[in-house]
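A short write-up of the structure that comes next.
Protein chains: 2
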Amino acid sequence: MTGPARRKGLTPRSEDFSAWYNEAVQQAELADYSPVRGSMVIRPWGYGIWENMQRALDDMFKATGHSNAYFPLLIPMSFIEREKEHVEGFKPELAVVTHAGGKDLEEPYVIRPTSETIIYSMYAKWVQSYRDLPILLNQWANVMRWELRTRLFLRTAEFLWQEGHTAHATEAEADEEALRMLGVYRSFMEDWMGMPPLTGAKSESEKFAGAVRSYACEALMQDGRALQAGTSHMLGQNFARQFGLTFQSEQGREEYAWNTSWGVSTRLVGGLVMTHGDDVGVVVPPRLAPTQVIVVPIGRSDEQWAAVREAAERVVGGLGDAGVRVEADTRRHLSPGAKFFEWERKGVPVRVEIGPRDVARGEVVVVRRVTAPGEERKEGVGEGRAVAGMPARLEALQGRLLEAARARREAGTHRGEVSSIEELGALLDGGAGFVHSGWSGDPAVEERVKEATRATIRVIPGEEFRSAAAPERCVGGGKARMEVVWARAY
Amino acid sequence: MTGPARRKGLTPRSEDFSAWYNEAVQQAELADYSPVRGSMVIRPWGYGIWENMQRALDDMFKATGHSNAYFPLLIPMSFIEREKEHVEGFKPELAVVTHAGGKDLEEPYVIRPTSETIIYSMYAKWVQSYRDLPILLNQWANVMRWELRTRLFLRTAEFLWQEGHTAHATEAEADEEALRMLGVYRSFMEDWMGMPPLTGAKSESEKFAGAVRSYACEALMQDGRALQAGTSHMLGQNFARQFGLTFQSEQGREEYAWNTSWGVSTRLVGGLVMTHGDDVGVVVPPRLAPTQVIVVPIGRSDEQWAAVREAAERVVGGLGDAGVRVEADTRRHLSPGAKFFEWERKGVPVRVEIGPRDVARGEVVVVRRVTAPGEERKEGVGEGRAVAGMPARLEALQGRLLEAARARREAGTHRGEVSSIEELGALLDGGAGFVHSGWSGDPAVEERVKEATRATIRVIPGEEFRSAAAPERCVGGGKARMEVVWARAY
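Note that the protein sequences, when read in sequence, are chains A and B.
Each residue of the first sequence is one higher than the last, beginning at 6 in this note's numbering.
Each residue of the second sequence is one higher than the last, beginning at 6 in this note's numbering.
This is the structure we're talking about:
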């Protein structure tokens, strides 16, 4: 996979964002298509980003009191069918195992599209008294939803995710948990991904199949479309009733438990690409980059090569000691230009070039993958100072990516009064990403907006995202009962 | 799940090892049965052990140059069928998806029983030249083999594992890789699990379906049966030929690549239980224990409780700072005895009890889960000394578990000349676990031994496990061509 064929540039984002995305993902070797319909292969660079996401999220889950566990991949068909809304939501996308161990099965199993049913059936077995609550578990797993149109990372038949499943004694506690995890997701997306989401509640028509209330993180991609990047659900007692998840309360009464579930998936990797990528390729925020700094020694003769390799090893050692994830690219059959091209496309935050003249001067050349306006892309720095300053340089880059994404989101958000569906459509066509408006709460208005503009209600925004002046009129006419945010979404 | 019902003792190992195992696993809350045939639920305590195993192994894989990636769960039926021995080995155990997204599939998919076929089909796409080799990837995943008789952790329809898959330019390099990973497994089992395995090659009849050579780690359980705990395979060019995995060599020739695959699974958790457990319950080696020290404050009045809780918090803080995984059990509705019982059953290595009189003396009581002969189980220690000495105490316990397991393995190994199949059977009936003997290499002898004694060749032992004097006679009569180790196995 080396050589000139790979040096072809990407389709520019402005020309065809969707083509750019597919090329960027594949050429950065984040993922590849597989021979299995709708399933992808996550390659080491993409999986490395996912591993870093997992580690950060897992630490946050544990810090909020959760433990990991693992439940079966297969779910009896009868379990999925028990919660009425749940089965309606998921049935069209199920993959079904009808045959196993050389025999037809008496009852078919489905490959989990999500695990509420199997998990709450186990909780029902484990919980007797209020003292056994809350149960705060999370599972890292693969799930399967047979989608018709798939896109690498964004929508695949199989994907990797985590699903948190909790059980509580009261509704208030469950709602608090659902909101807490929404907050964890938001912090993660901001602090680690540099992808600041809008958060809030879903409308009735957009909520999870089987939930009482759904909350979501919605991020704005560079093409102005929203990406649902994480969801957290207060499931009420819906599943508890179907699976007999009861407990004896402190007062000695038999009561149904209250559940929540919440999840994020490998879709986040796609969100990261569409948030930070440029026409050169992917840009990975330093905190998630499997390799934060790539060191490229440059020398022709064997003598030069020995000198620059030695310097490169010293820099790698120094950066490693400083806690930086660093690698040296010592392949001799590739030109420096080919290496630069490859690592820029992959989105490594910083490159350090070391040539014979740099060695003679005790310097290295530090090259940033992304620059702020007016900032130099390349700079010659004394070797020691380059090493010592690297953690701060990486943190600064992390902050800059978040700022830029936040500025893009603000620039793409329309907050004034929107008086009609036509105006909403015109705003979206004119480049607005998130459009705030008033809404009566009538699902028919949602439906009309969707037909006319392809936009849906992404969230009923949380307090911190509401407009200073609450909108007074519903976008569909009449009085508004609440503020909502519309967008065309992935 | 609290209260007197849980205080029932386990069936003693000497009475019924198999019953003891099932009870120990469930009552320690390592795992539970699920409503899905042959699939289990891994509960937080069991999953926490698996997470620690994963982390240690993953670090070792990365230190030997491997990266992680992820390949599809589903494999087209035609892929599985391509390698003749492979499909013969796995076909009877396949779970088959025939229906998805509301339609019957044109070609059924199988849920991966192992991923050679799908992975090497991708390598074929990625590899052009010798410069693209070696490929050194690992995948953490779930797999499915529809087993008739299942046992928690030891044999389940679905299990979690890692599967390494590599591609090399030469046979020598592939064989070196297969042996390197066998060594990684052996080190992991010794250093982390305290479960010293015997290593060596499998006989033809016992090797992996599709491999040229299989290597294995075989550990001796307390009941004298062997557990195959990890395997590493040199696959030759078998899969490369079926999937067109070729490369242009340095000399410009088109050649097939050489593959290896290697894996360990959640079965290791079962091996850990059967290596260290006692009649009280599970014993978890400190390096793998999710909680290494449980602190139990003991006080009746609120005043006493405040004092012991304060001391407990101090100890937890101190131990946490020292890098010890520690937790305080502050449940007030449970008696100290009930707590001791629960944590001993789970196998937490060390308990620290703090009562009012201890607080007055500035002491705590340190209680070991396992003691060496002549060692006190409980000892009063100054609080500061207890905290400062804990890492060393845990390491000593880790070492002691390995020593004990090694001594048991040696005591259970018979190395003298074995002159007949009858003698081999008598040795096994008399309590021998591993029996070394000579073997002619004739599969008919293997078959006869199996029928007469239920033992199989576990390995053709590696150099370090061979007897000082090579056996001269085959156990089935005639001249020996090699030394082998027999055992009854899980």
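All C-beta atoms, glycine included, are put in the ideal place defined by N, C-alpha and C.
Per DSSP, the continuous beta strand (DSSP E) segment holding ARG218 (chain A) begins and ends at 218-225. Between the alpha carbons of SER72 (chain A) and GLU34 (chain B) lies a gap of roughly 13 Å.
Residue pairing for TYR75 (chain B): DSSP places it in a beta bridge opposite A:ILE47.
Between the region 16-36 of chain B and the region 462-474 of chain A there are fewer than three C-beta pairs closer than 8 Å, too few to call the two in contact. For the pair of segments examined, the region 375-386 of chain A was found not to touch the region 310-317 of chain A: the number of CB pairs separated by less than 8 Å stays below three. The beta carbon of MET127 (chain B) sits closer than 8 Å to those of PHE76, all from its chain and outside the five residues before and after it, given in chain order. The three-state secondary structure of ALA231 (chain B), taken from DSSP, is strand. Within 7 Å of the CB of ASN73 (chain B), the CB atoms of chain A belong to PRO49, TYR52 and GLU56, in sequence order along the chain. The beta carbons of LEU324 (chain B) and VAL298 (chain B) sit closer together than 8 Å. Bridge pairing for ASN264 (chain A): A:ALA172 and A:GLY241 [DSSP]. Here the region 74-93 of chain B makes contact with the region 38-55 of chain A; the two share three or more CB pairs at distances below 8 Å.
The C-beta of THR119 (chain B) comes no closer than 8 Å to any C-beta of chain A. In the DSSP assignment, TRP145 (chain B) is bridged to B:GLN167. For a Cβ distance threshold of 8 Å, residue set PHE76, PRO77, ILE123 and MET127 of chain A lies close to SER39 (chain B), ordered along the chain. If you ignore the 5 residues before and after ALA214 (chain B), its C-beta comes within less than 7 Å of the C-beta of GLU90, HIS91, GLU93, GLY94 and PHE95, all in its own chain and listed in chain order.
At a cut-off of 8 Å between beta carbons, TRP151 (chain B) contacts chain A. If you compare the alpha carbons of B:HIS170, B:TRP444 and B:ALA431 with that of PHE66 (chain B), the shortest gap goes to B:HIS170. Contact between the region 99-109 of chain A and the region 167-184 of chain A is absent, with fewer than three C-beta pairs closer than 8 Å. Taking C-beta atoms as the reference points, LEU138 (chain B) and ARG413 (chain B) fail to come closer than 8 Å.
DSSP lists B:MET45 as the bridge partner or partners of TYR38 (chain B). In the structure shown, MET279 (chain B) adopts helical secondary structure according to DSSP, grouped into three states. Note that the region 141-155 of chain B touches the region 103-120 of chain B; at least 3 beta-carbon pairs, one per stretch, sit closer than 8 Å.
Residue environment: LEU153 (chain B) is assigned as exposed (fewer than 16 neighbouring CB atoms within 10 Å of its CB, all protein chains considered). Cα atoms of VAL269 (chain B) and ARG478 (chain B): separation of roughly 34 Å, rounded to the nearest angstrom.
Between GLY387 (chain B) and the set B:HIS238, B:GLU112, B:ALA437 and B:VAL320, the nearest pair of CA atoms involves B:VAL320. If only complete runs of 4 or more residues are kept, the region 290-340 of chain A shows the alpha helix (DSSP H) at 307-326, in order along the chain.
GLU98, LEU99, ALA100, VAL101, VAL102, THR103, HIS104, ALA105, GLY106 and GLY107: these are the residues of the region 98-109 of chain A whose beta carbon lies less than 8 Å from some beta carbon of chain B, given in chain order. In this structure GLN167 (chain B) is buried. Its beta-carbon is surrounded by 16 or more other beta-carbon atoms within 10 angstroms.
Around the CB of GLU259 (chain A), fewer than 16 other CB atoms lie within 10 Å, so the residue is classed as exposed. Chain B has no Cβ within less than 8 Å of the Cβ of SER19 (chain A). Under the three-state reduction of DSSP, THR103 (chain A) is assigned to strand. Shown here, ASP109 (chain A) sits in a strand according to DSSP, grouped into three states.
DSSP places GLN32 (chain A) within a helical segment (H, G or I) once states are collapsed to three. For SER44 (chain B), the C-beta contacts it makes with chain A under 8 Å involve PRO77, LEU78 and LEU79, in order along the chain. Out of B:SER237, B:VAL375, B:PRO291 and B:VAL331, the CA that lies nearest to the CA of ASP284 (chain B) is found in B:VAL375. Here GLY481 (chain B) really is in contact with ARG453 (chain B); their C-beta atoms are around 6 Å apart, less than 8 Å.
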